[in-house]
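What follows is a single structure, written as structure tokens, with notes after it.
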Amino acid sequence: MDAPRIPDEFELFENIYKYRSSIEHLEREYLDLRICLRDAEADLRSDSKNRELKEKIDYLKGRLKDLEDRYPWISSGRPSEILFINQTGGI
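Heads up, the final residue of the sequence shown is numbered 103 in this note's numbering, and it's a clean run with no missing numbers.
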């Protein structure tokens, strides 16, 4: 049985860079939604009867939940590229 192949450092970092580039738009969208939600909730505190703000907050929470359900790592607080290191035997 062959030992698992451990990629060299350059290959590992190249794979991580490609991965980070492919998910950057998801992280940006998630951050933008969180900022919009924070601002909308702050606005709602000063105008608690504003129906439009309540609908906006519900929509933003739904979008965030959708992203978190599809991509659980996005809200875990752990770097998602940790998988690359774990797959190589802990380089």
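Note that the Cβ used here is the ideal one computed from N, Cα and C, for glycine as well.
Item                                                                                              : Value
Member of E39, D78, L56 whose CA lies at the smallest distance from the CA of K68                 : L56
Contact check, Y42 vs I86, beta carbons under 8 Å                                                 : yes
Counted within 10 angstroms of its Cβ, other Cβ atoms place A54 as buried (16 or more) or exposed : exposed
Distance, D70 Cα to D59 Cα                                                                        : 16 Å
Cβ-Cβ distance between R75 and L45 below 8 Å                                                      : yes
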